[in-house]
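Heads up: the structure comes next, in structure tokens.
Number of protein chains: 2
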Amino acid sequence: MSESKGIAYIQGRYMPVDEATIPLLDPAFTKSDVVFDVVSAWDGAFFKLAEHLARFRRSCEYIRVRPPCSDDEMCRIMAECATRSGFDHSCVYILCTRGSYAGGAATGDPRKSENKFIAYAVPYYWIVPKERLNSGAHLWIADTRRAPDAAINQRVKNFNRMDLTRAQFEALDAGADAPVLLSTDGFITEGPGFNVWIIQDGKVRTPGDNLLEGITRQCVFELCAEAGLQAEAADLTAADLQNADEVFISSTGGGVIAVTLVNDKPIGNGAPGITTGKISDNYWKKRAEGWEATPLADLLEPEMPQAAGAD
Amino acid sequence: MSESKGIAYIQGRYMPVDEATIPLLDPAFTKSDVVFDVVSAWDGAFFKLAEHLARFRRSCEYIRVRPPCSDDEMCRIMAECATRSGFDHSCVYILCTRGSYAGGAATGDPRKSENKFIAYAVPYYWIVPKERLNSGAHLWIADTRRAPDAAINQRVKNFNRMDLTRAQFEALDAGADAPVLLSTDGFITEGPGFNVWIIQDGKVRTPGDNLLEGITRQCVFELCAEAGLQAEAADLTAADLQNADEVFISSTGGGVIAVTLVNDKPIGNGAPGITTGKISDNYWKKRAEGWEATPLADLLEPEMPQAAGAD
Numbered sequence: 269m270s271e272s273k274g275i276a277y278i279q280g281r282y283m284p285v286d287e288a289t290i291p292l293l294d295p296a297f298t299k300s301d302v303v304f305d306v307v308s309a310w311d312g313a314f315f316k317l318a319e320h321l322a323r324f325r326r327s328c329e330y331i332r333v334r335p336p337c338s339d340d341e342m343c344r345i346m347a348e349c350a351t352r353s354g355f356d357h358s359c360v361y362i363l364c365t366r367g368s369y370a371g372g373a374a375t376g377d378p379r380k381s382e383n384k385f386i387a388y389a390v391p392y393y394w395i396v397p398k399e400r401l402n403s404g405a406h407l408w409i410a411d412t413r414r415a416p417d418a419a420i421n422q423r424v425k426n427f428n429r430m431d432l433t434r435a436q437f438e439a440l441d442a443g444a445d446a447p448v449l450l451s452t453d454g455f456i457t458e459g460p461g462f463n464v465w466i467i468q469d470g471k472v473r474t475p476g477d478n479l480l481e482g483i484t485r486q487c488v489f490e491l492c493a494e495a496g497l498q499a500e501a502a503d504l505t506a507a508d509l510q511n512a513d514e515v516f517i518s519s520t521g522g523g524v525i526a527v528t529l530v531n532d533k534p535i536g537n538g539a540p541g542i543t544t545g546k547i548s549d550n551y552w553k554k555r556a557e558g559w560e561a562t563p564l565a566d567l568l569e570p571e572m573p574q575a576a577g578a579d
Numbered sequence: 269m270s271e272s273k274g275i276a277y278i279q280g281r282y283m284p285v286d287e288a289t290i291p292l293l294d295p296a297f298t299k300s301d302v303v304f305d306v307v308s309a310w311d312g313a314f315f316k317l318a319e320h321l322a323r324f325r326r327s328c329e330y331i332r333v334r335p336p337c338s339d340d341e342m343c344r345i346m347a348e349c350a351t352r353s354g355f356d357h358s359c360v361y362i363l364c365t366r367g368s369y370a371g372g373a374a375t376g377d378p379r380k381s382e383n384k385f386i387a388y389a390v391p392y393y394w395i396v397p398k399e400r401l402n403s404g405a406h407l408w409i410a411d412t413r414r415a416p417d418a419a420i421n422q423r424v425k426n427f428n429r430m431d432l433t434r435a436q437f438e439a440l441d442a443g444a445d446a447p448v449l450l451s452t453d454g455f456i457t458e459g460p461g462f463n464v465w466i467i468q469d470g471k472v473r474t475p476g477d478n479l480l481e482g483i484t485r486q487c488v489f490e491l492c493a494e495a496g497l498q499a500e501a502a503d504l505t506a507a508d509l510q511n512a513d514e515v516f517i518s519s520t521g522g523g524v525i526a527v528t529l530v531n532d533k534p535i536g537n538g539a540p541g542i543t544t545g546k547i548s549d550n551y552w553k554k555r556a557e558g559w560e561a562t563p564l565a566d567l568l569e570p571e572m573p574q575a576a577g578a579d
């Protein structure tokens, strides 16, 4: 038996994620007409599940799709994907696609569609190479700008990532780990899959516009409040980032990760920041203590006698 | 036998397009990391094939993918899709996807990927309801803006269409046929799948920035030159559109189509424009005469004795 790459729930059944497909003509592909969210499952429990679900529902509402299942059903499916995958730590994706509609994607009416819910679990990942967790990540402020909310509302978690991918090429070509994108107005927004933070004169700040409001970003605000640190959303420039005392990123994929180099400029003394380290330690300490943890076992269908014809 | 919905070429073989799929985890889906083009095949011949291929190659270069086949091979595959589909008139899509890469879409290096070529033929379609070809289309200037080139280069034909889809909802909700999107700077850009034109005081104008430079748009420039009409790219506002003598759209999906209503404002006397009609008539007249037509039969593989083990 080959190693599990994860389990997907699609078209009403569970299957290995690397066998799951979507139709070539699905507008979810040909128009990127889909929203998603990603929840981490760690040692048998989801983290901040309710917040992720609420954000997913908001994304769905924004593009006017409705997952054909209740929150309880979604949670059960997510728990099944995570449990059946067999990973100690996983990332569970939930998607709602527009689905196909009469007349086809080019000329049909997308309001008359049958929306689909898809879920899948994959191994937990760190948004930057794992060896950077100790040494600090190298970010690159890209020339490519983040698409503005007036066009693509970035509070809605979506797959329209051509800007992020182009910026990622810039970062990788420069030898950096990941890009940070400026808005068309010239302010720091976010990177692919993470929010960006600076600490300057003891104050913690993160951009507030034209970005996904990360669940881990919300965690950092909570952690700062508990630690008595002043934290706020603010417009930040590339210079603010490069001249900060400390820089870090936050993501479901890795929690709180120090940044030690932005383009060619070392941050502070070039080592991961002390305050960043405290925030990161507190993040993982609280998670180990069961912070907003929802055991997968509580979400799974109770074992029942097998009904005739059940799938 | 059910009616053909079209034939796709994917993973090296031909199949009914409604059986073709892409992997759920393919970055072409989860990051919309793909470019495409669409060529019309009409009565057994492609139209402006070389121009479409050249634009497709430019799109590929921009996102740094390379179709794993020569132009000749692409043309043969496209002709096979069109011919095997059995339609008198079809639209043939060609796609190049990044393909998957080691480490996965979230953390891998997209520069180390195996790019894939996909093609498929579907029945020819008109970008607005066919009954509008005589009465004129109703456009809607949407609140949603077109993502700017600094984020997503719209000269590169791509599937990052969340802005277009949101604008389409606005148009359909308003009872219109299709939206037109403004740039973040407030100038007319394009609609989903078409360019926009106005005629004012005998001068023909179309936007020049933040849009796909349509092959049919290029046709209109050619047709205007032949007819002695002055035509140029220019910044156009919503007011320019609504106050024009004539408005029309151009697309591979329908050629040149008159617009008679923009939001709640009738254009001219509310009937399709005279000059628009002449341009449209000339477009179809020249096509019937074989304008830049490449017979599918010239592109197909010559019949050969079946080799052992051939697919």
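Going line by line, the protein sequences match chains A and B.
When we follow the numbering used here, the leftmost residue of the first sequence carries the number 269, and every step to the right adds one.
When we follow the numbering used here, the leftmost residue of the second sequence carries the number 269, and every step to the right adds one.
Even glycine gets a Cβ: it sits at the ideal position worked out from N, Cα and C.
The structure displayed is predicted, hence computed values, not measured ones.
- In this structure, A:Phe462 lies near A:Gly522, with their beta-carbon atoms less than 9 Å apart.
- The C-alpha of B:Gln510 lies about 13 Å from the C-alpha of B:Leu450.
- With at least 16 other beta carbons inside 10 angstroms of its own, A:Asp294 counts as buried.
- It is roughly 12 Å from the alpha-carbon of A:Ala512 to the alpha-carbon of A:Thr474.
- Here the stretch 341-349 of chain A lies against the stretch 358-367 of chain A, with 3 or more beta-carbon pairs under 8 Å apart.
- For B:Glu481, there is no enclosing beta strand (DSSP E), as DSSP marks it with neither H nor E.
- The straight-line gap separating the alpha-carbon atoms of A:Ile420 and A:Ser368 is approximately 21 Å.
- About 11 Å separates the CB atoms of A:Ile525 and A:Gly459; that is not less than 8 Å, and the two are not in contact.
- Per DSSP, A:Glu438 is one residue of the alpha helix (DSSP H) stretching across 430-441.
- One Cα belongs to B:Ser272, the other to B:Gly354, and the distance between them is close to 8 Å.
- Listed in chain order, the non-local C-beta contacts of A:Ala288 below 6 Å within the same chain comprise Ala276, Ile278, local neighbours out to five positions each way being set aside.
- Apart from the 5 residues on each side of it in sequence, B:Thr544 sits with its Cβ closer than 6 Å to the Cβ of Glu514, Phe516, Ala526 in its chain, given in chain order.
- For A:Gly523, the pairing in a beta bridge is given by DSSP as A:Ser519.
- Look at A:Ile467 here: in three-state DSSP terms it is strand.
- Chain B places a beta carbon closer than 9 Å to that of A:Met430, counting this residue as a contact.
- In the assembly as shown, A:Ile542 is an exposed residue. Its beta-carbon has fewer than 16 other beta-carbons within 10 Å.
- Contact annotation for A:Arg332 against chain B: Phe437 [CB-CB distance below 7 Å, chain order].
- Residue contact with chain B for A:Thr484: absent (no Cβ-Cβ distance below 9 Å to any residue of chain B).
- As computed with DSSP, B:Phe304 is found in a beta bridge with B:Leu363.
- One thing to note: B:Thr375 has its Cβ within 9 Å of the Cβ of A:Val396.
- For B:Ile547, the enclosing alpha helix (DSSP H) covers residues 542-556.
- B:Leu407 sits in a strand when the DSSP states are folded into three classes.
- With respect to chain A, the C-beta atom of B:Gly536 has no partner C-beta closer than 9 Å.
- Restricting attention to B:Ala502, B:Trp310, B:Phe304, the CA atom closest to the CA of B:Ser327 is found in B:Phe304.
- By alpha-carbon distance to A:Asp411, the top candidate from A:Ala506, A:Trp559, A:Lys398 is A:Ala506.
- Here A:Val285 carries a helix assignment [DSSP, helix/strand/coil].
- Under the DSSP definition of a beta bridge, A:Trp310 partners with A:Ala313, A:His357.
- The beta carbon of B:Val488 does not come within 9 Å of any beta carbon belonging to chain A, so the residue lies off that interface.
- Contacts with chain A at 9 Å (Cβ-Cβ) do not include B:Val524.
- Taking C-beta atoms as the reference points, A:Ile456 and A:Leu491 fail to come closer than 9 Å.
- When secondary structure is reduced to three states using DSSP, A:Thr474 falls in the strand class.
- Within chain A, Thr375 have C-beta atoms less than 8 Å from the C-beta of B:Trp394, given in sequence order.
- Within the DSSP bridge table, the entry for A:Ala418 names no partner.
- Taking 7 Å as the upper bound on Cβ-Cβ separation, chain A lies near residues Arg413, Arg414, Ala415, Pro416, Ala418, Ala419, Ile420 of the stretch 413-425 of chain B.
- Check the Cα spacing between B:Ala442 and each of B:Thr433, B:Pro534, B:His406, B:Lys553: the tightest is with B:His406.
- At least one C-beta of chain A is nearer than 9 Å to the C-beta of B:Ile386.
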